[in-house]
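Residue numbering for the sequence shown follows the numbering used here, beginning at 633 and increasing consecutively. In this text, a Cβ means the ideal position worked out from N, Cα and C, and glycines have one as well. Just below is one structure, and these are the notes that go with it.
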Amino acid sequence: MIRTSRRQLLAASLAAAAPTGLAAPRGASAQARPSSLTIISHRVHQQVLSEGGGGDVLADWRERNGVSLEWVTLDLNAIHDRAFREARLSSSNITMSYVLNTRAVPSTFAMFEPIDEYQQRDPIEEFEDFSPGMVRAYTHQGKRYGVPVRHSVNALHYNEAYLQERGLDRPPQVIDELVEYARKLTFTKPDGTQVHGWGIQADNYSDVVSMARAFGGDLINENMECVADGPGMVRALETLREMYQDGMMPRNITAMKQNDMITAIQNGQVAMQYFPFGRTVLFNNPRSSRFPGKFGTAFCLNSREGAARDEINTTAEFWCMMIPRNGRVKDMAWSLIKEISSKENTIRAAMNGNQPARVSAYADPRLLANVSYAAKEAQSLRHARVPMPAFDRSAQAKDIFVEEMQAAMLGMRSPQAAGANMARRIKPLLPR
633 MIRTSRRQLL AASLAAAAPT GLAAPRGASA QARPSSLTII SHRVHQQVLS
683 EGGGGDVLAD WRERNGVSLE WVTLDLNAIH DRAFREARLS SSNITMSYVL
733 NTRAVPSTFA MFEPIDEYQQ RDPIEEFEDF SPGMVRAYTH QGKRYGVPVR
783 HSVNALHYNE AYLQERGLDR PPQVIDELVE YARKLTFTKP DGTQVHGWGI
833 QADNYSDVVS MARAFGGDLI NENMECVADG PGMVRALETL REMYQDGMMP
883 RNITAMKQND MITAIQNGQV AMQYFPFGRT VLFNNPRSSR FPGKFGTAFC
933 LNSREGAARD EINTTAEFWC MMIPRNGRVK DMAWSLIKEI SSKENTIRAA
983 MNGNQPARVS AYADPRLLAN VSYAAKEAQS LRHARVPMPA FDRSAQAKDI
1033 FVEEMQAAML GMRSPQAAGA NMARRIKPLL PR
């Protein structure tokens, strides 16, 4: 007679209860089904899976698996601080984290689960359809660690109602027009609302790097050299200083986070700013914007010479979904990632404002018909560069950049001195 222990019965019952479609669990016992899964991300990652023309993308998956999703949505720095702090614990209830390409370095990979075994057992369809460069960025020592989900190719967003009101028939085309346009778009409305012509994410580097490149400069070039003391970055800092000192940007901009800037644009307090193409869905949303349907997109500003050569100057960063190595329900995490990454759900999320990491998405008739900026975004993607290459001490480099950039903008340091300080302080951080 074969005797069955209580432990064996428990293991069998857990296995029977495993949600449909999950990969077979590794090890001797199954992973118990939780009632909810916790995800660390930015707010936009949640929104593009739940709001817009594509509907609630994950509704069927949640129902099939009997779980809810708990989204911990934070700003850029806080996302990684929280995700990495959790990943260093002996175990964590974090199911999945979104991780930006700037953090795709060996020390990060050590905290997260390789996905090759999951992909072999329960594959995401047509994985080769994902941007090869994005996949390579999350590959280390022959192992893949992340599934690309969103790229953020920047565009110039502008309030068409304000352009018309101020006598402008088009957005600025080249960097030399920026100050003139920002000055015209800075005014006080009859109801007392102060409108600022230009905004940047003053706690990050992407917007200013794009301006520096339009002036022929950079922060860290493709040869991994810090060139922040060059004339291109200095001119970008001079331009920021002029616009801030003359009131063309919000006075409290150094204290504003990304979500604050989004709200300011929706409320009509900022007339123009760089943001990923997909943000136009938020800016034009009648439920959250005071100017629904009034925001347009244009290519980021370039030099006159670059524009004459039909070059596009834009930056792109990208996000991957990663499974913490110390997670308790890794199989469910993979099932969730697989669901988000399907070709169909990629299109649905794109209709909600996501910028798809699958190359084929840009040929889908639904995307072309329902997303006004799809063709322009695809064109920008072909020219886009990351604003700063990934390296182990990139977070420190970012902090130095922000400190010096703000000092120049606020008038605490000359643009030349700020650029020189950036170069002097960042160069020792670069890989040798």
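Residue from the options with nearest C-alpha to residue i
i     : options                       : result
N917  : F909, Q898, G928 and S935     : Q898
E854  : V991, G684, A1022 and T771    : A1022
A1007 : E1036, V827 and G910          : G910
L701  : I711, L681 and G686           : L681
I944  : H772, G848, M743 and S739     : G848
A930  : S974, T740 and Q1011          : Q1011
R776  : H674, E749 and R782           : E749
Q678  : S667, P666 and A691           : A691
R798  : E809, H783, N786 and R815     : R815
T740  : A1027, M1037, L1042 and I1058 : A1027
P882  : L817, F907 and R919           : L817
P764  : L1000, A989 and V1034         : A989
F1036 : T670, V689, S921 and N1053    : Here residue 1036 turns out to be Glu, not Phe, going by the sequence shown. Nearest option by C-alpha distance: N1053.
K970  : M953, A1040 and G985          : M953
P803  : E1009, T727, N934 and G864    : N934
C-alpha distance - residue i paired with residue j, whole-angstrom precision
i     : j     : result
R658  : R735  : Unreliable positioning characterises R658 in this predicted model, as indicated by a pLDDT of 44, which lies under 50. A coordinate reading is not provided.
F927  : A834  : 22 Å
N1002 : M983  : 7 Å
A793  : F923  : 8 Å
A844  : E857  : 15 Å
L968  : C932  : 34 Å
L654  : D754  : A caution first: L654 carries a pLDDT of 42, below 50, which makes its placement in the model unreliable, though a value can still be read off. Distance between the alpha carbons of L654 and D754: 8 Å.
R960  : T820  : 54 Å
A769  : H789  : 28 Å
V811  : Y730  : 36 Å
G938  : Q805  : 11 Å
A656  : P956  : For A656, the pLDDT reaches just 41, beneath the cut-off of 50, and the residue's location in the model is therefore unreliable, although a value from the coordinates is still provided. Their backbone Cα atoms lie some 18 Å apart in a straight line.
V991  : S1046 : 44 Å
V676  : G684  : 12 Å
Q796  : L721  : 55 Å
L949  : Y837  : Reading the sequence as shown, one finds Glu at residue 949 and not Leu. Cα to Cα, E949 sits roughly 12 Å from Y837.
Y876  : I711  : 29 Å
V866  : G698  : 55 Å
M880  : V737  : 38 Å
G831  : I807  : 14 Å
Q773  : A742  : 11 Å
T978  : R998  : 11 Å
Q905  : K1059 : 29 Å
S661  : W966  : Low per-residue confidence applies at S661: pLDDT is 38, beneath 50, and the placement is therefore not dependable, though the value from the model is reported in the following sentence. Spanning the two alpha carbons is a distance of roughly 17 Å.
A981  : D839  : 25 Å
S673  : N709  : 11 Å
Extent of the continuous beta strand (DSSP E) to which residue i belongs
i    : result
N786 : V779 to N791
V961 : Here V961 belongs to no beta strand (DSSP E), and DSSP marks it neither H nor E.
S729 : I726 to L732
E718 : E718 -> not in any beta strand (DSSP E); alpha helix (DSSP H) instead, spanning L708 to A719.
A930 : F927 to A930
V767 : Here V767 belongs to no beta strand (DSSP E); instead the alpha helix (DSSP H) covers P764 to A769.
Helix, strand or coil at residue i according to DSSP, with G and I counted as helix
i     : result
S838  : helix
H828  : strand
L800  : coil
A1007 : helix
M1020 : coil
F744  : strand
F950  : strand
R665  : coil
E870  : helix
G849  : coil
I672  : strand
E749  : helix
K821  : coil
R1074 : The shown model of the chain, from 633 to 1064, leaves out residue 1074, and the question about it has no answer.
R922  : coil
S700  : strand
R776  : strand
P1063 : coil
P956  : strand
L654  : In this predicted model, L654 has a pLDDT of only 42, less than 50, meaning its place in the structure is not dependable enough to derive any value.
For residue i, the first and last residue of its enclosing alpha helix (DSSP H)
i     : result
G1051 : P1047 to I1058
V1034 : S1026 to M1041
V680  : Careful: V680 lies outside any alpha helix (DSSP H) and carries neither H nor E.
L1086 : Because the chain in this structure spans residues 633 to 1064, residue 1086 falls outside the shown range and cannot be described.
E937  : R936 to A940
I944  : First-last for I944: undefined, no H or E at that position.
E976  : K975 to M983
N1002 : P997 to N1002
Can you list, in chain order, the stretches of the alpha helix (DSSP H) that have 4 or more residues and sit fully within the segment 881 to 914?
Taking only runs of at least 4 residues, the alpha helix (DSSP H) segments lying wholly in the segment 881 to 914 are 890 to 898.
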